[in-house]
Amino acid sequence: MYMGLGNRQRAVELAINVDPSLAKELTRDSLERDEKKRLWLKIARSAAEEDAGAGEDVVSKVLSILNECGPDILSIEDVLPFLPDVAQIDQFKDEICTALTSYSSRIEDYLKEMDDCDQSCNALRDEIRKLTDYTTLMNKNAKCAFTEKPVVEEGQPFYVFPSGFVFLESALKKEVMPYLNETQKKRLEFVEKELSELKNQARNDPGSGQVGLDPKYQMEELQCEMDGLIAAECPLTGSIMIDSIDRCFGETKEDELYIASDDLLIEA
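For the numbering used here, count along the sequence shown from 1 and bump the result up by 3.
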């Protein structure tokens with residue numbers, strides 16, 4: 004009845020007192036490792052309490068249950084509290100040796116993982132160090148890849164990517180915006196608003212700003228955040244270009260009408 008209600012734990016608890024073999028069968032059928040471990044511990048505890056007066060019988064029964072459930076569920080340290088204080092170590096020395104061997108193997112695996120992490124961290128540090136010293140050259144007549152306008156003459160911020168492409172900030176923002184999620188779009192709008200207000204305050208009242216915060220430092224922090232949102236990668240060589248592969252090349256109204264007329268002809 005309890006199994007029909009989905010209460011496996013209660014079913015096992017009742018079966019332990021009536022038919023221990025049924026309790027073991029129900030426990031084996033569990034698909035969740037944590038639940039299976041919890042139920043096997045109940046069975047082991049019940050077996051230990053049943054013959055609490057006979058030390059050797061308790062040890063043999065508990066070790067039998069340990070072998071039945073397998074080393075991937077229970078280990079010797081899980082059932083040690085159920086063994087009598089007068090139990091001799093010779094009775095379960097094989098299980099202890101198996102557990103120690105398993106621990107040694109795990110320690111070696113952890114040490115290897117730590118070495119791999121150290122190597123990865125060192126590689127990241129080298130990359131960061133290289134990025135801090137990274138410089139790139141740009142032609143003084145360089146034009147925005149989107150607007151074809153000379154970036155130096157436009158009088159607005161621009162971005163130069165390692166790919167060699169140059170973009171005006173406004174054009175880059177317009178291109179990247181459709182690929183940002185809603186949270187990123189809202190954050191970008193907030194950062195732009197804050198930057199605009201701080202710049203206006205700096206022009207009108209150079210001494211203004213939040214108490215304890217340098218307006219210049221605030222603007223640098225906001226600018227860095229905006230750079231991360233719109234200039235994390237080159238839009239013409241990064242994931243944005245891959246995501247836009249299904250977009251048509253035509254962006255003018257005439258191109259859209261022409262493409263729409265072709266679609267109608269194909270459907271006809």
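We treat Cβ as the ideally placed atom computed from N, Cα and C, and that holds for glycine.
Sequence-distant residues of its chain with Cβ nearer than 8 Å to residue i (five each side left out)
i, result
"GLU172", "GLN159, PRO160, PHE161, TYR162, ILE233"
"SER33", "ARG11, LYS39, LEU42"
"LYS143", "VAL155"
Terminal residues of the beta strand (DSSP E) in which residue i lies
i, result
"TYR162", "161–163"
Residue of the options minimising C-alpha distance to residue i
i, options, result
"VAL194", "PHE168, GLU151, GLN221", "GLN221"
"THR240", "ASN184, ALA148, PRO218, GLU228", "ALA148"
"GLY231", "MET180, ASP217, PRO84, LEU201", "MET180"
"ASP97", "LEU69, PRO84, SER108, ASP112", "LEU69"
"SER199", "GLN187, GLU223, LYS188", "GLU223"
"ALA174", "PRO238, ASP112, ASP136", "PRO238"
"PRO165", "ILE110, ALA235, LEU201, GLU53", "ALA235"
"LYS176", "MET229, ASP37, ASP217", "MET229"
"GLU52", "LYS146, THR150, PRO84", "PRO84"
"MET244", "ARG190, CYS100, TYR182", "TYR182"
7 Å Cβ shell around residue i - same chain, five flanking residues per side excluded
i, result
"ASN20", "none"
"THR30", "VAL15, LYS39, LEU42, TRP43, ILE46"
"CYS72", "TRP43"
"THR139", "VAL163, PRO165"
"ALA26", "VAL15, ALA18, ILE19, ILE46"
"VAL214", "With a pLDDT of only 49 at VAL214, under 50, the local geometry of the prediction cannot be trusted, and no value is derived from it."
"LEU170", "One detail in the question is off: residue 170 reads as Phe in this sequence, not Leu. Cβ neighbours of PHE170 beyond the five flanking positions: CYS147, ALA148, PHE149, PHE161, TYR162."
"MET141", "VAL163, VAL169"
Sheet register partners of residue i (DSSP bridge)
i, result
"VAL169", "VAL163"
"LYS146", "PRO153"
Continuous alpha helix (DSSP H) stretch holding residue i: start and end
i, result
"PHE193", "185–207"
"GLU80", "79–82"
"ASP32", "Here ASP32 belongs to no alpha helix (DSSP H), and DSSP marks it neither H nor E."
"LEU75", "A quick correction: the sequence has Asp, not Leu, at residue 75. Neither: ASP75 is in no alpha helix (DSSP H) and is coded neither H nor E."
"ASN2", "Outside the shown range of the chain, which is 4 to 271, sits residue 2, and nothing can be said about it."
"MET244", "242–246"
"LEU225", "218–233"
Integer-rounded CB distance, given that residue j should sit under 8 Å from residue i
i, j, result
"VAL65", "ALA50", "6 Å"
"GLU185", "LEU225", "At roughly 20 Å, the Cβ-Cβ gap does not stay under 8 Å, so GLU185 and LEU225 are not in contact."
Neighbourhood of residue i by C-beta distance below 6 Å, restricted to the same chain and skipping five residues each side
i, result
"GLN122", "none"
"SER105", "none"
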